[in-house]
Each structure stands twice: as structure tokens, then as C-alpha cells.
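The numbering used here numbers the first residue of the sequence shown as 1 and each following residue consecutively.
No residue lacks a Cβ here, since even glycine has one placed at the ideal position from N, Cα and C.
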Amino acid sequence: MSRSLLALVAFAVLCEPVSAQWPIGTGNFWAKVSWFHHETTEQFRSNGEKRIFLNSNAESVSDAIFIDAAVGLTPKLDLWLQAPYFNLNFDDDVQDRHRAGVGDVRISARYNLATFRNGSWPVSARVTAKVPVQEVTLDAEVIPVGEGQWDYEAWLESGLSLYPLPAYTVVWLGYRWRSLNQSTTREPGDEVAFLAEIGGTELIGGLGGKVVVDGIFGRAGRIQGVALGPDDRREILYVAPTALFNVTASTLLEVALRIPLRGRNYPAGPPLQVGLFHQGVLFR
Numbered sequence: 001m002s003r004s005l006l007a008l009v010a011f012a013v014l015c016e017p018v019s020a021q022w023p024i025g026t027g028n029f030w031a032k033v034s035w036f037h038h039e040t041t042e043q044f045r046s047n048g049e050k051r052i053f054l055n056s057n058a059e060s061v062s063d064a065i066f067i068d069a070a071v072g073l074t075p076k077l078d079l080w081l082q083a084p085y086f087n088l089n090f091d092d093d094v095q096d097r098h099r100a101g102v103g104d105v106r107i108s109a110r111y112n113l114a115t116f117r118n119g120s121w122p123v124s125a126r127v128t129a130k131v132p133v134q135e136v137t138l139d140a141e142v143i144p145v146g147e148g149q150w151d152y153e154a155w156l157e158s159g160l161s162l163y164p165l166p167a168y169t170v171v172w173l174g175y176r177w178r179s180l181n182q183s184t185t186r187e188p189g190d191e192v193a194f195l196a197e198i199g200g201t202e203l204i205g206g207l208g209g210k211v212v213v214d215g216i217f218g219r220a221g222r223i224q225g226v227a228l229g230p231d232d233r234r235e236i237l238y239v240a241p242t243a244l245f246n247v248t249a250s251t252l253l254e255v256a257l258r259i260p261l262r263g264r265n266y267p268a269g270p271p272l273q274v275g276l277f278h279q280g281v282l283f284r
């Protein structure tokens, strides 16, 4: 794996909006600010083995802030926007590298296809476009804050309220089409992604919790139109136990540790996540 990508790809699965499966409703909104911190000296190699970086005494230290926002345009249609900011460091015996800046922006539209069991079981479809903000070069000494190409995603999403228990479940299944990066002549491999979640926001008083399992499973990419071997594909599987605290009736604080279970061409080590979620009314 190119060392220039190590700091960034640790957040590749994290850039999904809040797992709120029920339609927001016309004029309603939610917003979430999340901070991620990740430190590691290890990576998952192309064969899935976890080893230290190939560089001598190398360490990746990364921080990211994700801003997510969504608004309900109709009773069934929601629009989402996500913008990340990265502060990335990759240091070894040769050089200390640092890069900070706004990463690729995601724009999504989700439509509620149907609801069952008196509205407790929604089924929705979401389409997403990842818009490259900054150009990525071939310089291996530069840490990129974006991937440099457009990506397109299609998701089928569902959730289920477990009422009268104060709990819910969520399942997402998606496919990510990754396009050609004109600057590097590289076309990353397409990916299958999923997310499964079970939890509750008020299990004990104002405290709640959830467990999230999510991951991506990619194909090999191409360079200058030439297909690369299976060692090029990236893969990661996380489990994230998460604590939730109801600050107010409309504001929720969450703290999670994302533990990698397996991976290929991916940094190892568990990122820490702290998020603040708020919902309200934007217009009527």
C-alpha cells in the first residue's frame, strides 16, 4: 500500500451519515459533527496479515472532523450533505509528512420506498455522489486529503423499531462505483459496502448504546487501463461499540471505538469517534 494513502483510508468507511432510517419529514433537519482520532504503526497487508509499516519506525497519526447535515424536502425525500476536514501525519526515519485540508464532499438523496408494520419498518433507497475537492498527484511523499476521483453509490437501507423495547435495528447494503482519476491514471476497484446496527437511545435513563458492524470489500483496480492483480483490492471490517448520552430531547452525544476485525491494504488500529447529533425544524 502506498504510504501516501495510509492516513486517509482509515476513515473510508466512517463517512456514512447518521443511521436514522425513518424519513426526516418535510422541513425537519438533523446535523452531526464528528471527531475521529487514529494512531497506528501497523497495517493489514495485501494477504490480510497485520504487520508494522514497511517504512522504518513509521507512524500514522490522523484526526478528522466530519460535518453531516440532512433536510427533509418531502414526506419521503431527504437530501444529505457531508464535508470532512483532515489533519494527517505520517512520520518515519526519512521524513515527517503533514497535510491538512478539506476532503471529498458527499451529496446524497434518499427516498422512502415503503413502510411496514404501521411505520415501524421503513425501506429506503439512497444514491450518493462523492465529489473530489482537491487534486491528487503521483508524488508518494505527499499525503492526500482526498482520493481525487468521482465515486457513485447506490444503497438499499432498512430499519426496524423494536417497540415496546426502547431499541432499534438498522441494515444497509450498498455498491460503490469508483471512476478514473485523470491525474494518476488510476481507477480504483469498485466496492461492496454494508452496515448493521442494533441499539437504543434510552436504555437506562438518559444513557443508551449501540453496536455497529460495517465494512467494505473491494475489487482490484486499474492503472492506465491495465487490470491489477488481486493484491490491489482493499478490505476492512469494523465492529464499533458505542455509548450514547441524551444531552437534551433533541441532542445526542456518542462515543465509539471502531475495532478492526480484518482487512487488506488498510491501516490497522482502532479509531476513536466522538459525535454530537442535533435535530430540529428548519422550515414549515
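Per DSSP, the continuous beta strand (DSSP E) segment holding residue 122 begins and ends at 121 to 131. Secondary structure note for residue 241: its beta strand (DSSP E) is the uninterrupted segment 235 to 248. Here residue 112 is buried, its C-beta having at least 16 other C-beta atoms within 10 Å. Closest by C-alpha distance to residue 84, out of 277, 105, 75 and 97, is 105. With contact defined as three or more Cβ pairs closer than 8 Å, the region 201 to 214 and the region 225 to 233 are not in contact. Its Cα nearest to that of residue 201, the residue 246 stands out among 188, 164, 224 and 246.
Secondary structure remark: continuous beta strand (DSSP E) runs of at least 3 residues inside the region 165 to 248, in chain order: 168 to 178, 191 to 204, 207 to 218 and 235 to 248. Scanning 146, 61, 25 and 31 for the CA closest to the CA of residue 268 turns up 61. DSSP, reduced to helix, strand and coil, places residue 92 outside both helices and strands of the structure shown, so it counts as coil. In terms of Cβ geometry, residue 243 and residue 255 form a close pair [threshold 8 Å].
Only residues of its own chain outside the window of five on either side were considered, and among them 189, 190, 191 and 233 have a CB closer than 8 Å to the CB of residue 219, listed in chain order. Restricting attention to 226, 110, 58 and 63, the CA atom closest to the CA of residue 36 is found in 63.
With 16 or more other CB atoms across the displayed protein chains lying within 10 angstroms of its CB, residue 238 is buried.
With respect to the 8 Å criterion, residue 172 and residue 151 are not classified as neighbours on the basis of their beta carbons. The distance from the Cβ of residue 135 to that of residue 183 is about 6 Å, consistent with a contact at the 8 Å cut-off.
Looking only at 225, 43 and 66, the smallest Cα-Cα distance to residue 58 is reached by 43.
In this structure, residue 72 and residue 86 do not form a Cβ contact; the two beta carbons are roughly 29 Å apart against a cut-off of 8 Å. Partner residues in the beta bridge of residue 161, as assigned by DSSP, are 168. Going by DSSP, residue 281 is part of the beta strand (DSSP E) stretching over 272 to 281. For residue 54, no beta strand (DSSP E) segment is defined, and its DSSP state is neither H nor E. Taking C-alpha positions only, residue 181 is separated from residue 174 by approximately 22 Å. Residue range 259 to 264 is occupied by the beta strand (DSSP E) that includes residue 260.
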